[in-house]
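Read through the structure below, which is laid out as structure tokens, and then see the notes.
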Amino acid sequence: MTQAVSNARHVAFDLLADVLDRRRLLDEATTANTAFSALDSRDRAFVRRLVATTLRRLGQVDAILATFVTKSPPKAIRHLLRLGATQLLFLETPPHAAIATSVELSRVLKLDGLSGLINAVLRRIDRDGRAMVAAQDAARLDIPGWMYESWEGYYGAGTAHAVASACLEEAPLDLTVAADPASWAGRLDARLLPTGSLRRHGGDVTALDGFAEGGWWVQDAAAALPARLLGDVAGREIADLCAAPGGKTLQLAAAGARVTAVDLSRKRLERVRENLGRQRLSAEVVAADVASWQPERLFDAVLLDAPCSATGTLRRHPDGLHLKSAPEVTKLAGVQARLLRAAAALVRPGGTLVYCVCSLQPEESEPQIATLLSEGAPFVREPVRPEEVGGLDELITPQGDLRTLPCHLAELGGLDAFYACRLRRSA
Numbered sequence: 001m002t003q004a005v006s007n008a009r010h011v012a013f014d015l016l017a018d019v020l021d022r023r024r025l026l027d028e029a030t031t032a033n034t035a036f037s038a039l040d041s042r043d044r045a046f047v048r049r050l051v052a053t054t055l056r057r058l059g060q061v062d063a064i065l066a067t068f069v070t071k072s073p074p075k076a077i078r079h080l081l082r083l084g085a086t087q088l089l090f091l092e093t094p095p096h097a098a099i100a101t102s103v104e105l106s107r108v109l110k111l112d113g114l115s116g117l118i119n120a121v122l123r124r125i126d127r128d129g130r131a132m133v134a135a136q137d138a139a140r141l142d143i144p145g146w147m148y149e150s151w152e153g154y155y156g157a158g159t160a161h162a163v164a165s166a167c168l169e170e171a172p173l174d175l176t177v178a179a180d181p182a183s184w185a186g187r188l189d190a191r192l193l194p195t196g197s198l199r200r201h202g203g204d205v206t207a208l209d210g211f212a213e214g215g216w217w218v219q220d221a222a223a224a225l226p227a228r229l230l231g232d233v234a235g236r237e238i239a240d241l242c243a244a245p246g247g248k249t250l251q252l253a254a255a256g257a258r259v260t261a262v263d264l265s266r267k268r269l270e271r272v273r274e275n276l277g278r279q280r281l282s283a284e285v286v287a288a289d290v291a292s293w294q295p296e297r298l299f300d301a302v303l304l305d306a307p308c309s310a311t312g313t314l315r316r317h318p319d320g321l322h323l324k325s326a327p328e329v330t331k332l333a334g335v336q337a338r339l340l341r342a343a344a345a346l347v348r349p350g351g352t353l354v355y356c357v358c359s360l361q362p363e364e365s366e367p368q369i370a371t372l373l374s375e376g377a378p379f380v381r382e383p384v385r386p387e388e389v390g391g392l393d394e395l396i397t398p399q400g401d402l403r404t405l406p407c408h409l410a411e412l413g414g415l416d417a418f419y420a421c422r423l424r425r426s427a
């Protein structure tokens, strides 16, 4: 075993503890971890995959560990066992490597007295664990009960199980191009999806053709749809609210809109500016609280990508399985209602308002629109048409709103979950 591999697993241990013990977002933890940054690209990819898979499959892993460990071990030992079991059961790491490195790491962490336990448990998992995985209902074990039950009550049992199962798969790499997607598909060895996005599986983004010249940007195929609901935006005044990290701002600017990108976080707006610069696009960038922002003019269209629970992005951010809670969703729903009222006030008569969230939670979607309209806001729904979403009728709700689910386009790798509603202000 090389020192680099040992370091990689030590970093994975630290990141897992950051998420589960210190309740830190995985992206924030990796950014702050200098040892992670010091690894070479191959080891960074391994660490990221190991930690993400452990978080994604934690319910299954813990159920198996409970069979072999009758007493609750210290947190450090539990994390070591989780990482070792994940390698054996889900990453196809050679058993000798997964077990030996776990035992060695226990010694590095000065847990020598328990290295025998780690060795024995992982050997039993190597022998019996795969058969146990085959008998598990992964969707019910890995998705928190409150989350799964909310999906089941809203989408029905069959769809909820399909959604949960899809959330446990790694998401592919989706790209939005400024122009000529068919040509870029060939250059990037990517598949052109019906919705217009490009899809690849893996690869170092910065090394791909066109990254430096700004021909495209990373954006899930579902996340690219709400901005397209605004139609032809060339020359129109558009406010992109809660805009960071800026994917929708880039879409609108590339389509010729005069965009004002607004976000509360100055730090996150720096990323918007960086992305605009790389794409050689321009937009007005404003640091402000959308709920109280009072510009001097109204807009032809307003896109509100409201802060939400982000349960629709669990494929990419499995830490959300362990960091989200039902009370947080309730709190966020209140924030969304306030922001939606503020956004509605910024739309000129005859203009368009699109509200969207990357969430699977019911209270963050249709009820927000129902409340706005029941309060007398001068808007009417403008239903989404199939041709606006690549002809995929299944992405449109009976009310005419956009609703993508992780199990949609399953044969092509699925989608993030997004809800969007388009409203037209009365003239």
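Using the UniProt record's numbering, read the sequence shown as starting at 1 and increasing by one per residue.
Note that the Cβ used here is the ideal one computed from N, Cα and C, for glycine as well.
Listed in chain order, the beta strand (DSSP E) elements of length 3 or more contained wholly in the stretch 224-298 are 237-241, 258-263, 284-287. The alpha-carbon of Lys324 is positioned some 7 Å away from that of Ser309. Contact check for Gly247 and Thr352: beta-carbon distance about 19 Å, past the 8 Å limit, so the pair fails to qualify. Contact between Asn33 and Leu55 is ruled out by a C-beta separation of about 16 Å, above the 8 Å threshold. For the stretch 294-327, the full-length beta strand (DSSP E) segments reaching 3 residues or more read 299-305 along the chain. Using a Cβ distance threshold of 8 Å, Ala283 and Thr249 count as a contacting pair. The three-state reading of DSSP puts Thr397 in coil, since its state is none of H, G, I, E or B. A straight-line Cα-Cα distance of about 12 Å links Trp146 and Thr311. Counted as a single uninterrupted DSSP element, the stretch harbouring Val384 is not any beta strand (DSSP E), since DSSP gives it neither H nor E.
When the five nearest sequence neighbours on each side are left out, the beta carbons in the same chain lying within less than 7 Å of the beta carbon of Ala337 are those of Gln368, Thr371, in order along the chain. The residues Thr176, Ser197, in chain order, have a CB closer than 6 Å to that of Ala224 in the same chain once the five nearest residues on each side in sequence are set aside. Excluding residues up to 5 positions away in sequence, Thr86, Phe90, Leu91 lie with their Cβ nearer than 7 Å to the Cβ of Thr53 in the same chain. Taking a 10 Å sphere around the C-beta of Val205, we find fewer than 16 other C-beta atoms and assign the residue as exposed. Distance between Leu415 and Gly113, taken at the CA atoms: about 46 Å.
For Ile125, the closest of Gln60, Ala287, Arg422, Gly231 by C-alpha to C-alpha distance is Gln60. Beyond the five residues adjoining it in sequence on each side, Leu208 comes within less than 7 Å, by CB distance, of Leu188 in the same chain, given in chain order.
The C-alpha of Asn119 lies about 10 Å from the C-alpha of Ser106. Between Leu39 and the set Ala8, Leu26, Phe68, Thr67, the nearest pair of CA atoms involves Ala8.
Annotation: Val69 is outside any beta strand (DSSP E) and is labelled neither H nor E by DSSP.
Around the Cβ of Arg23, a 10 Å sphere holds fewer than 16 other Cβ atoms; the residue is exposed. In the DSSP secondary-structure assignment, Val61 is not bridged to any residue.
In terms of Cβ geometry, Asp263 and Ala239 do not form a close pair [threshold 8 Å]. Between the C-alpha atoms of Phe418 and Val11 there is a straight-line separation of about 33 Å. Bridge pairing for Arg403: Tyr419 [DSSP].
Taking a C-beta distance under 8 Å as the contact criterion, Val354 and Ala427 do not qualify as a contact pair.
DSSP, read as helix, strand or coil, puts Pro349 in strand. Secondary structure of Thr34 (DSSP, three-state): helix. Counting only the Cα atoms, Phe13 lies some 18 Å from Gly320. Excluding five sequence positions before and after Gly390, the CB atoms of its chain that fall closer than 8 Å to its own CB belong to Leu193, Pro194, Thr195, Gly196, given in chain order.
Just so you know, the alpha carbons of Leu339 and Cys407 end up roughly 29 Å apart.
Counting of Cβ neighbours within 10 angstroms places Gln361 among the buried residues, the total reaching 16 or more. Secondary structure at Cys167: helix, using DSSP grouped into helix, strand and coil. In the structure shown, Asp174 falls within a strand segment according to DSSP collapsed to helix, strand and coil.
When secondary structure is reduced to three states using DSSP, Phe211 falls in the coil class, being assigned neither helix nor strand. Of Pro94, Leu58, Leu373, Lys331, the smallest CA-CA separation from Ala345 is found for Leu373. Scanning the stretch 112-137 from its first residue to its last, the whole alpha helix (DSSP H) runs of 4-plus residues come out as 115-134.
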